[in-house]
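In this note's numbering, the protein residues as written are 213 to 513. Glycine included, every Cβ here is placed at the ideal spot set by N, Cα and C.
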Amino acid sequence: MCDETKLKEWAASLKDSPLNRRQFGAMAGTLAGSAAVLSACSEASALLPEGEASLAVTESAVTFDTEDGTMDAFWVHPADGAHPGVIFWPDIAGLRESKRNMARRLAGKGYAVLVLNPYYRDVAGEQFPTFAGLIEAGGFGVVSPWREKLTAEAIGRDASAAAAWLDAQGAVDSDRGIGTQGYCMGGPFTVWSAAAVPDRIKAAASFHGGGLVRADDPLSPHRLLEQADASFLIAVAQDDDAAAPDDKTAFAEAADQAGRQAKVAVYAGDHGWTVPDSPAYAPDAAELAYADLLTLYGDSL
Numbered sequence: 213m214c215d216e217t218k219l220k221e222w223a224a225s226l227k228d229s230p231l232n233r234r235q236f237g238a239m240a241g242t243l244a245g246s247a248a249v250l251s252a253c254s255e256a257s258a259l260l261p262e263g264e265a266s267l268a269v270t271e272s273a274v275t276f277d278t279e280d281g282t283m284d285a286f287w288v289h290p291a292d293g294a295h296p297g298v299i300f301w302p303d304i305a306g307l308r309e310s311k312r313n314m315a316r317r318l319a320g321k322g323y324a325v326l327v328l329n330p331y332y333r334d335v336a337g338e339q340f341p342t343f344a345g346l347i348e349a350g351g352f353g354v355v356s357p358w359r360e361k362l363t364a365e366a367i368g369r370d371a372s373a374a375a376a377w378l379d380a381q382g383a384v385d386s387d388r389g390i391g392t393q394g395y396c397m398g399g400p401f402t403v404w405s406a407a408a409v410p411d412r413i414k415a416a417a418s419f420h421g422g423g424l425v426r427a428d429d430p431l432s433p434h435r436l437l438e439q440a441d442a443s444f445l446i447a448v449a450q451d452d453d454a455a456a457p458d459d460k461t462a463f464a465e466a467a468d469q470a471g472r473q474a475k476v477a478v479y480a481g482d483h484g485w486t487v488p489d490s491p492a493y494a495p496d497a498a499e500l501a502y503a504d505l506l507t508l509y510g511d512s513l
């Protein structure tokens with residue numbers, strides 16, 4: 213999972229390898245440049261692999277009330293019609309252009325996507341422009357006091373508020389289920405969200421999520437599946453699996469016992485492989501995970 217050790221490994225890799233440093237900088241520049249081609253109503257195809265079709269999308273920055281304060285978020289959806297809503301939980305680096313671009317691409321496929329700022333209790337808006345920016349800022353130490361507040365109960369409250377906000381939007385088809393997806397620390401948030409809002413959240417996807425199986429925690433995500441009414445995609449990083457090979461089995465067995473449909477699979481990428489500005493980004497494996505996400509949403513929402 214993405215802990216202080218992992219961030220130090222990535223920092224050393226970027227520092228010691230000129231090739232990695234150039235590639236990472238170029239990647240961040242490409243992501244930033246992509247945003248410039250998108251206006252309030254635009255063609256999301258500008259961000260897509262060659263030949264991939266996309267709907268025109270509309271985007272904005274929004275805020276809404278939660279039990280704990282005012283959440284800020286990025287909101288993007290097809291320009292016309294009503295569509296299934298999606299609650300998007302970022303990784304440790306939070307709300308930034310890489311995540312906005314991922315949401316734009318998904319919106320172009322017919323989903324109304326709300327990318328949350330998980331750190332809103334402490335800070336508003338983007339804190340790190342890229343994953344490299346997080347690493348350069350001393351990452352883990354900066355976000356640790358913010359992350360400590362992101363308990364199962366807090367995430368449940370946030371998910372409830374986000375689902376209610378989505379259902380009040382004209383771009384959301386409230387007769388269809390809501391999906392949720394999360395990356396790194398956001399992985400377990402998807403299960404907590406599904407357990408907190410079982411009547412609305414019908415699909416949850418965790419990508420290289422950490423802490424899905426917590427041996428001594430009664431609120432471990434794998435222990436809350438009976439409280440949910442969703443199908444799950446648990447996309448496991450190969451290095452995370454090597455470190456804790458029994459976790460995938462424990463989660464799959466818990467899902468089976470709870471009667472929940474779950475695809476639990478190890479992908480050919482290390483922790484962070486699905487995120488374009490991550491040092492571990494693996495395009496082929498990321499595209500496979502994205503295709504599996506679309507299948508989950510297509511079947512469940």
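**Message:** Measuring alpha carbon to alpha carbon, tell me which residue in A315, D511, W485 and M283 is nearest E271.
**Reply:** As a first step, residue 271 must be located in the sequence shown, where it is residue number 59. When A315, D511, W485 and M283 are compared, the shortest CA-CA separation from E271 is found for A315.
**Asked** If you draw a straight line from the C-alpha of Q450 to the C-alpha of S266, how long is it?
**Response** Taking the sequence shown and counting its residues from 1, one reaches residue 450 at position 238. Taking the sequence shown and counting its residues from 1, one reaches residue 266 at position 54. Approximately 31 Å, taken between the alpha carbons.
**Asked** Taking all protein chains shown into account, do 16 or more other C-beta atoms lie within 10 angstroms of the C-beta of A252, making it buried, or fewer, making it exposed?
**Response** Translated into positions along the sequence shown, residue 252 becomes position 40. Low local confidence applies: a pLDDT of 40 at A252 is under 50, so the model's placement there is unreliable, with the coordinate-based value given in what follows. The residue is exposed, with fewer than 16 neighbouring Cβ atoms inside 10 Å.
**Message:** Taking 8 Å as the threshold (C-beta atoms), are K414 and L307 in contact?
**Reply:** By 1-based counting over the sequence shown, the position of residue 307 is 95. By 1-based counting over the sequence shown, the position of residue 414 is 202. Cβ atoms of L307 and K414: not closer than 8 Å.
**Item:** Exposure label - L506; buried when at least 16 CB within 10 Å
**Value:** Here residue 506 refers to the residue found at position 294 when the sequence shown is read from its first residue. By the Cβ-count criterion, L506 is exposed, with fewer than 16 other Cβ atoms from all chains shown falling within 10 Å of its own Cβ.
**Prompt:** On the three-state DSSP scale, how would you describe Q393?
**Reply:** Locating residue 393 in the sequence shown gives position 181, counting from the first residue. The three-state reading of DSSP puts Q393 in strand, counting E and B together.
**Message:** My assumption, with CB atoms under 8 Å, is that A442 sits in contact with A464. Please give the rounded CB distance.
**Reply:** The residue labelled residue 442 in the question sits at position 230 within the sequence shown. The residue labelled residue 464 in the question sits at position 252 within the sequence shown. 15 Å between Cβ atoms; not a contact.
**Request:** Would you kindly work out how many angstroms separate the C-alpha atoms of E279 and A364, rounded to a whole number?
**Result:** Taking the sequence shown and counting its residues from 1, one reaches residue 279 at position 67. Taking the sequence shown and counting its residues from 1, one reaches residue 364 at position 152. Cα to Cα, the separation comes out at about 14 Å.
**Message:** Measuring straight from C-alpha to C-alpha, what distance separates A470 and A498?
**Reply:** The residue you call residue 470 lines up with position 258 of the sequence shown. The residue you call residue 498 lines up with position 286 of the sequence shown. If I take the Cα positions, the gap works out to 29 Å.
**Request:** Starting from the C-beta of V298, find all residues in its chain whose C-beta is less than 6 Å away, skip the five residues before and the five after it, and write them out in chain order.
**Result:** Counting from one through the sequence shown, the residue named residue 298 turns up at place 86. Counting only Cβ-Cβ distances below 6 Å, and skipping sequence neighbours, we find Y323, V325 and G391.
**Message:** Assuming the contact rule is C-beta atoms closer than 8 Å, V269 and H295 should be a hit. Round their C-beta distance to whole Å, please.
**Reply:** Here residue 269 refers to the residue found at position 57 of the sequence shown. Here residue 295 refers to the residue found at position 83 of the sequence shown. About 10 Å separates the two Cβ atoms, so there is no contact after all.
**Request:** Have a look at A466, A456, T282 and A291 and flag the residue whose alpha-carbon is nearest the alpha-carbon of F444.
**Result:** Here the question's residue 444 lines up with position 232 in the sequence shown. Nearest option by C-alpha distance: A466.
**Prompt:** What is the residue span of the beta strand (DSSP E) that T270 lies within?
**Reply:** Locating residue 270 in the sequence shown gives position 58, where the first residue counts as 1. Note, T270: beta strand (DSSP E), A268 to T278.
**Item:** Whole-angstrom distance between A427 and D387, CA atom to CA atom
**Value:** Counting from 1 along the sequence shown, the entry for residue 387 is found at position 175. Counting from 1 along the sequence shown, the entry for residue 427 is found at position 215. Those two C-alpha atoms are separated by around 37 Å.
**Asked** Do you know offhand how far S246's Cα is from F300's?
**Response** On the sequence shown, position 34 is the one that residue 246 refers to. On the sequence shown, position 88 is the one that residue 300 refers to. Note on S246: pLDDT 38, under 50, position unreliable in the model; the coordinate value appears next. Near 20 Å, if we compare the C-alpha coordinates of F300 and S246.
**Item:** Every unbroken beta strand (DSSP E) inside the segment 326–395 [3 residues or more]
**Value:** Here the runs fully enclosed are 390–395.
**Request:** Look at the alpha carbon of V274 and the alpha carbon of R317, and state the distance between them as a whole number of angstroms.
**Result:** As a first step, residue 274 is located in the sequence shown; it is residue number 62 there, counting from the start. As a first step, residue 317 is located in the sequence shown; it is residue number 105 there, counting from the start. In a straight line, the C-alpha of V274 is about 19 Å away from that of R317.
**Asked** Skipping 5 residues on each side, what residues in its chain have a beta carbon closer than 6 Å to that of A588?
**Response** Nothing about residue 588 can be read from this structure; the chain reaches only from 213 to 513.
**Item:** Reference G320; option with closest CA among E264, P330, G398 and G337
**Value:** Numbered from its first residue, the sequence shown carries residue 320 at position 108. Answer by Cα proximity: E264.
**Message:** Measuring straight from C-alpha to C-alpha, what distance separates P357 and M397?
**Reply:** Here residue 357 refers to the residue found at position 145 of the sequence shown. Here residue 397 refers to the residue found at position 185 of the sequence shown. Roughly 14 Å between the two C-alpha positions.
**Asked** When burial is assigned at 16 or more other CB atoms within 10 Å of the CB, is A305 buried or exposed?
**Response** Taking the first residue of the sequence shown as 1, we reach residue 305 at position 93. Under this definition A305 is a buried residue.
**Request:** Could you name each continuous alpha helix (DSSP H) segment of 4 residues or more that falls completely within the segment 396–477, going from the start of the chain to the end?
**Result:** The qualifying runs are 398–408, 450–455 and 459–470.
**Prompt:** For the ligand NAD, is there a heavy atom less than 7 Å away from the beta-carbon of A319?
**Reply:** With respect to small molecules bound, the structure shown includes none, and the ligand NAD cannot be examined in it.
**Request:** Return the Cβ separation of A447 and A477 in integer angstroms, given the expectation that the two are a contact with Cβ distance under 8 Å.
**Result:** Against the sequence shown, residue 447 aligns to sequence position 235. Against the sequence shown, residue 477 aligns to sequence position 265. For A447 against A477, the beta-carbon gap comes to about 6 Å, under 8 Å, which counts as contact.
**Message:** Let me make sure I understand the geometry here. Which of A371, A349 and D411 has the alpha-carbon closest to that of D330?
**Reply:** Indexing the sequence shown from 1 puts residue 330 at position 118. The sequence shown places Pro at residue 330, not Asp. Out of A371, A349 and D411, A371 has the C-alpha closest to the C-alpha of P330.
**Asked** Is it true that the CB of D489 sits closer than 8 Å to the CB of T208?
**Response** Outside the shown range of the chain (213 to 513) lies residue 208, about which nothing can therefore be said.
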